[in-house]
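See structure below.
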Amino acid sequence: MATVTDFLDPKDLSRLANHQILAKRVVEGFCSGLHRSPHKGFSVEFKQHRAYTRGDEIRRLDWKVFAKTDRFYVREYEEETNLRCNLLLDASGSMSYGEESDSGVSKLAYGSRLAACLAYLALRQTDSVGLTTFDSKVRTVVPPRGGPSHTRQIIDLLGQTKAGSETDLGKVFHEIAPQIKKRGLVVIISDCFGEIPSILKGLAHFNHAKHDVVIFQIWHPDELDFPFRSWTRFDCLENAGQNHTVDPAHLRDAYLKNLKEYREELVKGCHKHRVQLFPMTTNEPYSEGLASFLAARRKAGMPIHL
Amino acid sequence: MSFLNGALALGALAALVPLFIHLFNRSRFKVIKWGASHLLESVLRKNRKQIQLEQWIILIIRCAIPIILALTLARMVVTDWNAFLYFLILPLSALALLILTAFSTALRWPCGFLSLACLIAMILGIFGILPDWGKDKEISALSGDVPASTVILLDDSLSMNISDGFIDAGSFISDFLKNQHKQSEISIIQIGGIPLNLFDKPTSDENALGVRVENLDALSDQASLLGSLDQALSIVSQGKNLKREIILLSDFRESDWNNWDNSAIGSFRKRLDATPNGPELTWVDFGKKSKKNLSVESIVVSSQTIGIGHPLQIRATLHNLSEETFEGNLQVQLLVDGDQKIIDEAAISIGPQATNQVSFSHSFDSSGPKVLHVELIVADDLPQDNRRSVAVSVIEEIGILLVDGDPSKEWLRGETDFLKIAMTPYKEIEQVSKKNTEAGAMKDLIDAQVISIDQFKNQDQLDNNSLVVLANVEKLDSSMCESLELFVRNGGGVLITAGSQINLSWYNENWGHAGTNFIPMELSGFKGKPSDEFTYSKIVNSYFDHPALSMFNDPRNGSLAEAQIMKWVKFDEEKVRSDPTITVLARLHNGDPILVEKKIGKGIVMTFGTSIDTDWTNLPARPSFLPFVQQLSTYLSEKVLPPRTVKSGLPLTHYLSEKESTLEYKMDMPNGSTRTLVPRKRKDKYLLEFTETRLPGTYKLSNKEKTVGKFVVLSSIKESILTKADEKQITETSSFLAESVNRINGIKEDAWEAYERMDNRRKFGRETWMILLAVLLGLILMEVILLRKFGKGIR
Numbered sequence: 007m008a009t010v011t012d013f014l015d016p017k018d019l020s021r022l023a024n025h026q027i028l029a030k031r032v033v034e035g036f037c038s039g040l041h042r043s044p045h046k047g048f049s050v051e052f053k054q055h056r057a058y059t060r061g062d063e064i065r066r067l068d069w070k071v072f073a074k075t076d077r078f079y080v081r082e083y084e085e086e087t088n089l090r091c092n093l094l095l096d097a098s099g100s101m102s103y104g105e106e107s108d109s110g111v112s113k114l115a116y117g118s119r120l121a122a123c124l125a126y127l128a129l130r131q132t133d134s135v136g137l138t139t140f141d142s143k144v145r146t147v148v149p150p151r152g153g154p155s156h157t158r159q160i161i162d163l164l165g166q167t168k169a170g171s172e173t174d175l176g177k178v179f180h181e182i183a184p185q186i187k188k189r190g191l192v193v194i195i196s197d198c199f200g201e202i203p204s205i206l207k208g209l210a211h212f213n214h215a216k217h218d219v220v221i222f223q224i225w226h227p228d229e230l231d232f233p234f235r236s237w238t239r240f241d242c243l244e245n246a247g248q249n250h251t252v253d254p255a256h257l258r259d260a261y262l263k264n265l266k267e268y269r270e271e272l273v274k275g276c277h278k279h280r281v282q283l284f285p286m287t288t289n290e291p292y293s294e295g296l297a298s299f300l301a302a303r304r305k306a307g308m309p310i311h312l
Numbered sequence: 004m005s006f007l008n009g010a011l012a013l014g015a016l017a018a019l020v021p022l023f024i025h026l027f028n029r030s031r032f033k034v035i036k037w038g039a040s041h042l043l044e045s046v047l048r049k050n051r052k053q054i055q056l057e058q059w060i061i062l063i064i065r066c067a068i069p070i071i072l073a074l075t076l077a078r079m080v081v082t083d084w085n086a087f088l089y090f091l092i093l094p095l096s097a098l099a100l101l102i103l104t105a106f107s108t109a110l111r112w113p114c115g116f117l118s119l120a121c122l123i124a125m126i127l128g129i130f131g132i133l134p135d136w137g138k139d140k141e142i143s144a145l146s147g148d149v150p151a152s153t154v155i156l157l158d159d160s161l162s163m164n165i166s167d168g169f170i171d172a173g174s175f176i177s178d179f180l181k182n183q184h185k186q187s188e189i190s191i192i193q194i195g196g197i198p199l200n201l202f203d204k205p206t207s208d209e210n211a212l213g214v215r216v217e218n219l220d221a222l223s224d225q226a227s228l229l230g231s232l233d234q235a236l237s238i239v240s241q242g243k244n245l246k247r248e249i250i251l252l253s254d255f256r257e258s259d260w261n262n263w264d265n266s267a268i269g270s271f272r273k274r275l276d277a278t279p280n281g282p283e284l285t286w287v288d289f290g291k292k293s294k295k296n297l298s299v300e301s302i303v304v305s306s307q308t309i310g311i312g313h314p315l316q317i318r319a320t321l322h323n324l325s326e327e328t329f330e331g332n333l334q335v336q337l338l339v340d341g342d343q344k345i346i347d348e349a350a351i352s353i354g355p356q357a358t359n360q361v362s363f364s365h366s367f368d369s370s371g372p373k374v375l376h377v378e379l380i381v382a383d384d385l386p387q388d389n390r391r392s393v394a395v396s397v398i399e400e401i402g403i404l405l406v407d408g409d410p411s412k413e414w415l416r417g418e419t420d421f422l423k424i425a426m427t428p429y430k431e432i433e434q435v436s437k438k439n440t441e442a443g444a445m446k447d448l449i450d451a452q453v454i455s456i457d458q459f460k461n462q463d464q465l466d467n468n469s470l471v472v473l474a475n476v477e478k479l480d481s482s483m484c485e486s487l488e489l490f491v492r493n494g495g496g497v498l499i500t501a502g503s504q505i506n507l508s509w510y511n512e513n514w515g516h517a518g519t520n521f522i523p524m525e526l527s528g529f530k531g532k533p534s535d536e537f538t539y540s541k542i543v544n545s546y547f548d549h550p551a552l553s554m555f556n557d558p559r560n561g562s563l564a565e566a567q568i569m570k571w572v573k574f575d576e577e578k579v580r581s582d583p584t585i586t587v588l589a590r591l592h593n594g595d596p597i598l599v600e601k602k603i604g605k606g607i608v609m610t611f612g613t614s615i616d617t618d619w620t621n622l623p624a625r626p627s628f629l630p631f632v633q634q635l636s637t638y639l640s641e642k643v644l645p646p647r648t649v650k651s652g653l654p655l656t657h658y659l660s661e662k663e664s665t666l667e668y669k670m671d672m673p674n675g676s677t678r679t680l681v682p683r684k685r686k687d688k689y690l691l692e693f694t695e696t697r698l699p700g701t702y703k704l705s706n707k708e709k710t711v712g713k714f715v716v717l718s719s720i721k722e723s724i725l726t727k728a729d730e731k732q733i734t735e736t737s738s739f740l741a742e743s744v745n746r747i748n749g750i751k752e753d754a755w756e757a758y759e760r761m762d763n764r765r766k767f768g769r770e771t772w773m774i775l776l777a778v779l780l781g782l783i784l785m786e787v788i789l790l791r792k793f794g795k796g797i798r
């Protein structure tokens with residue numbers, strides 16, 4: 007059974023202690039939390055009076071004002087809600103790359119730790135966190151919930167997660183999006199390998215549902231640098247039996263060019279769909295990447311309060 | 004196309020190395036489980052053919068580099084355009100077009116097609132399917148324009164002196180050296196007697212060669228043509244130049260071209276054919292015909308070692324090789340030590356193409372090494388062979404140690420008494436008559452010292468003696484046995500005579516087959532009775548081949564058969580019948596050997612089967628006893644000295660005592676040069692050895708104080724036979740030696756002019772190493788560039 011410290015390094019967590027996960031946009035939530043709620047109605051903190059329009063609930067009329075002014079006003083309250091954070095962890099075959107490397111940290115392990123960090127942080131600020139793992143389809147779902155004990159559930163799931171087979175991000179996103187009923191933060195931890203138009207369509211689906219979408223794109227340094235020299239057989243992690251025996255030195259330039267084009271296309275697509283993309287490599291401490299992500303959000307004027 | 008260093012062309016097989024590395028790398032690949040396959044796949048899908056093409060090009064270049072390097076080191080030579088085209092231009096063009104194919108999308112198809120066309124043309128051309136259009140267009144250079152590796156075989160045998168043939172050959176060489184390309188390398192080998200290279204290595208220093216050739220004389224022995232050609236081929240095949248030639252300057256005498264070993268000719272031909280870019284052979288004939296020649300063919304002396312005052316018989320054989328007849332008017336002179344003073348003279352008759360002999364007798368009045376010359380006084384074409392020499396040693400006396408095994412104080416009763424009288428007759432006469440008689444004018448050659456067996460204990464007693472006689476000795480100490488064996492191996496003589504005291508079993512055990520195998524035959528028992536005067540045997544008076552007994556072939560010197568032998572030791576002949584070192588000198592009538600010898604090392608052991616006194620035989624009382632003992636003693640003593648008259652090429656040896664070995668020695672050679680010799684020790688014996696004896700003539704060995712030895716090196720008598728070799732025979736032999744031989748007649752015309760005319764007609768291929776080196780560097784550079792460029796074009 008996975009333990010908390012498998013995924014959460016106290017040192018890393020201490021670095022993140024001053025940050026909170028903040029929703030970029032207003033999100034829905036049940037209980038009061040740190041985040042503004044778009045729902046005005048039954049809460050404690052008065053916000054404003056608004057002229058009654060047809061369709062407003064009669065019970066929300068402020069009769070006192072009507073007595074004074076003889077006009078119908080509706081009383082509006084500002085309600086605090088908690089962040090509903092959905093962590094989507096890619097457990098496809100390609101995420102297992104790096105297991106055999108010197109550092110021994112696969113992209114999936116790295117992503118898992120990142121997810122654990124995020125979950126811990128969110129739960130600490132009384133937000134609710136859910137975890138969905140997927141490859142070509144949704145594999146396991148832990149619905150968003152609050153409370154410190156929820157950490158245990160999430161950590162257990164992360165511990166059980168093993169890299170699977172192929173990915174089809176677009177299809178999976180379309181599958182997940184309707185399942186997230188309430189608006190919230192959708193954090194996708196994936197290498198985003200696949201057909202970019204299909205991925206972007208999937209992201210658009212989240213966007214349409216007014217989710218705040220963040221992608222942590224996990225890279226292994228080998229994938230960015232292609233440092234191989236001698237003759238190599240590249241066995242595809244996602245399609246068993248598919249392999250290519252090549253002289254990598256010969257292909258490096260073409261590969262890097264291809265990689266650059268792919269990344270540019272992805273960045274452009276994300277920008278278009280107002281999705282924040284944070285590339286991270288497995289050789290940099292995830293806490294640093296995460297800290298810079300949180301700092302960037304704060305700088306962008308995201309409300310920050312616990 | 005050919006190669007100057009053909010063996011290095013095999014280095015082209017190193018082309019397999021990059022191929023193996025490529026295949027090895029492909030088979031020993033690393034396996035990586037890769038996630039970003041979609042990025043890799045798209046690259047591969049789009050560029051599979053391009054990648055394959057680029058890899059092929061790199062592989063071809065890598066394989067081509069060792070091939071070109073091997074061809075460069077092997078120094079490829081092309082003689083016509085075909086070779087140049089098919090082996091260099093077409094393959095390189097195919098490669099260049101292939102590279103263009105890889106780089107240019109637009110010209111991909113035309114370039115690829117042209118590259119394939121070049122490749123096919125190359126293959127067809129190499130297999131001779133395409134017409135040899137460039138075969139006639141030789142890539143030739145004029146002979147004078149190319150550096151050459153030449154070996155000149157200069158016949159410096161005696162016969163080259165006829166009508167200044169050797170001077171003509173010298174002027175040919177000097178013209179040849181003047182007209183050589185400055186990068187040419189030349190070796191000159193003197194082929195008379197033992198072939199001798201003027202310089203150890205081929206040289207381009209024409210002046211040094213010129214000076215050496217000017218100082219040469221034709222004094223050597225018969226030319227050894229095939230041996231020199233073999234040596235020349237070895238040198239020329241290592242030559243660094245494309246133009247290679249062996250030039251033979253000789254007089255083409257019949258004796259030089261006779262009796263060639265067919266298998267040796269065959270092996271030379273094989274070697275010549277197997278030599279890459281084999282040399283051309285050119286014969287230049289300087290041998291003018293001779294009309295008149297006489298020579299001293301041989302000199303035989305009665306003894307190589309002679310005492311002062313003893314007469315030495317000298318017999319010279321003269322040969323008239325002309326058609327002229329001499330009737331008592333051919334003057335022959337005897338000279339000593341190169342002096343002009345004539346010692347003796349004779350006038351003899353000799354018919355055309357006949358031989359005659361002349362005898363002289365001479366006695367020396369001083370000791371030391373001497374050289375006797377017999378010279379013909381006649382004007383003929385080859386004066387150098389009119390004198391022949393022989394070396395003799397004049398000694399004061401020979402030391403002989405007589406070990407008496409049965410001594411007696413009574414006169415003539417001791418075992419060695421008769422022997423001593425026979426060895427030193429003059430001294431004995433002096434002692435008996437107690438006065439200095441006329442015989443004193445002639446001294447004894449032998450100094451015999453008698454000791455009894457009890458006194459024979461010290462090995463120093465062997466020093467200064469050349470013969471030890473063990474007369475009726477029962478047995479010896481083991482230390483003396485060893486000393487005697489060493490004494491014989493170093494050239495001493497031992498004579499063992501039988502008698503009543505002799506212990507047969509001791510001799511057989513110690514010196515027989517079970518022992519050190521010192522005596523010629525084991526002693527198997529006694530035969531006959533000395534008491535019975537009527538039962539005896541005699542020595543068979545047959546013709547004696549052996550030099551020790553050859554004087555008894557002349558009845559005037561007495562006969563050994565006169566003596567009666569009453570008792571003798573029977574030698575066991577069966578065991579040693581096939582041993583070539585053992586000779587039976589004389590036998591008895593019943594067939595038993597009586598006198599046998601065995602050669603051990605440089606010395607001889609002889610056993611005489613009966614007594615040397617009158618106990619068992621009456622031989623000592625016979626007139627033949629004295630010459631018998633004298634001849635035997637001289638023969639056994641002479642072996643101590645190595646021969647002083649040798650054939651050209653054989654080494655000269657001189658023995659030294661330990662005291663003499665500390666001195667410095669020099670050898671004066673017939674051509675006036677001097678060599679310093681250092682004594683060395685071989686098996687307890689100090690000696691001087693001199694091997695540079697290719698020049699016939701007199702060699703003088705001396706230390707600071709005096710001349711210690713004179714040696715005569717004789718040339719072959721064949722040099723006096725001046726018959727020209729049959730033209731047909733030369734042509735036939737030459738055709739066996741090589742496919743074609745250039746012949747120049749240096750008798751009728753100027754040899755150099757004729758050679759130059761012939762040389763100007765010759766053309767030579769061109770070396771390609773510079774081009775190949777440029778190609779090699781280009782390929783290496785190209786590989787580096789392509790490795791950087793390839794992969795960039797992949798989309």
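Respectively, the protein sequence lines represent chains A and B. Take 7 as the starting number for the first sequence in this note's numbering and just add one per residue. Take 4 as the starting number for the second sequence in this note's numbering and just add one per residue. Built from N, CA and C at the ideal position, the CB exists for glycine as well.
- The C-beta separation of B:TYR546 from B:ASN556 comes to about 6 Å, placing the pair in contact by the 8 Å criterion.
- The beta carbon of A:THR287 sits no closer than 8 Å to any beta carbon of chain B.
- Your pair A:VAL193 and A:LYS143 does not check out as a contact, with CB atoms roughly 19 Å apart and the cut at 8 Å.
- Contact between B:SER207 and B:SER187 holds: CB atoms are separated by about 6 Å, below the 8 Å threshold.
- The beta carbon of B:ASN706 is closer than 7 Å to those of LEU666, GLU667, TYR668 in its chain, skipping five residues each way along the sequence.
- B:LEU62 has a beta carbon lying at 8 Å or more from every beta carbon in chain A.
- Using a 10 angstroms sphere on the CB of B:PHE23, the tally of other CB atoms stays under 16, which defines it as exposed.
- Of all alpha-carbon atoms in B:ASP254, B:PHE255, B:HIS322, B:ILE192, the one lying nearest the alpha-carbon of B:SER231 is that of B:ILE192.
- Beyond the five residues adjoining it in sequence on each side, B:LYS541 comes within less than 6 Å, by CB distance, of ALA564, HIS592 in the same chain, given in chain order.
- Measuring C-alpha to C-alpha distances from B:PRO654 to each of B:MET569, B:SER627, B:MET670, B:CYS121 identifies B:MET670 as the nearest.
- For the region 31-58 of chain B, residues whose beta-carbon sits nearer than 8 Å to a beta-carbon of chain A comprise ARG31, PHE32, LYS33, VAL34, ILE35, LYS36, TRP37, GLY38, ALA39, SER40, HIS41, LEU42, LEU43, GLU44, SER45, VAL46, LEU47, ASN50, ILE54, GLU57, GLN58.
- The criterion of a C-beta distance shorter than 8 Å is not satisfied by B:GLN458 and B:LEU404.
- For A:TYR261, at least one C-beta of chain B is nearer than 8 Å to its own C-beta.
- Comparing C-alpha distances from B:SER534 to each of B:PHE169, B:ASP618, B:PHE793 shows the shortest one belongs to B:ASP618.
- Counting only Cβ-Cβ distances below 8 Å, A:ARG239 has contacts in chain B at PHE32, LYS33, VAL34, ILE35, in chain order.
- Scanning its chain for C-beta atoms nearer than 8 Å, with the 5 sequence neighbours on each side dropped, one finds around B:SER738 the residues VAL744, in chain order.
- One finds GLY38, ALA39, HIS41 in chain B with Cβ atoms closer than 7 Å to the Cβ of A:PHE199, taken in chain order.
- Of all residues in the region 61-93 of chain B, none has a C-beta nearer than 8 Å to a C-beta of chain A.
- Sequence-distant partners of B:MET79 (beyond 5 residues in either direction) whose C-beta falls short of 6 Å from its own C-beta, in its chain, are PHE6, THR771.
- Straight through space, the alpha carbons of B:GLN356 and B:ALA394 are spaced by roughly 28 Å.
- Excluding the 5 residues flanking it on each side, A:GLY136 has same chain C-beta neighbours closer than 6 Å at ASN92, VAL148, PRO149, PRO150, in chain order.
- Secondary structure at B:LEU591: strand, using DSSP grouped into helix, strand and coil.
- Flagged as an interface residue toward chain B: A:ASP253, by a C-beta distance shorter than 8 Å.
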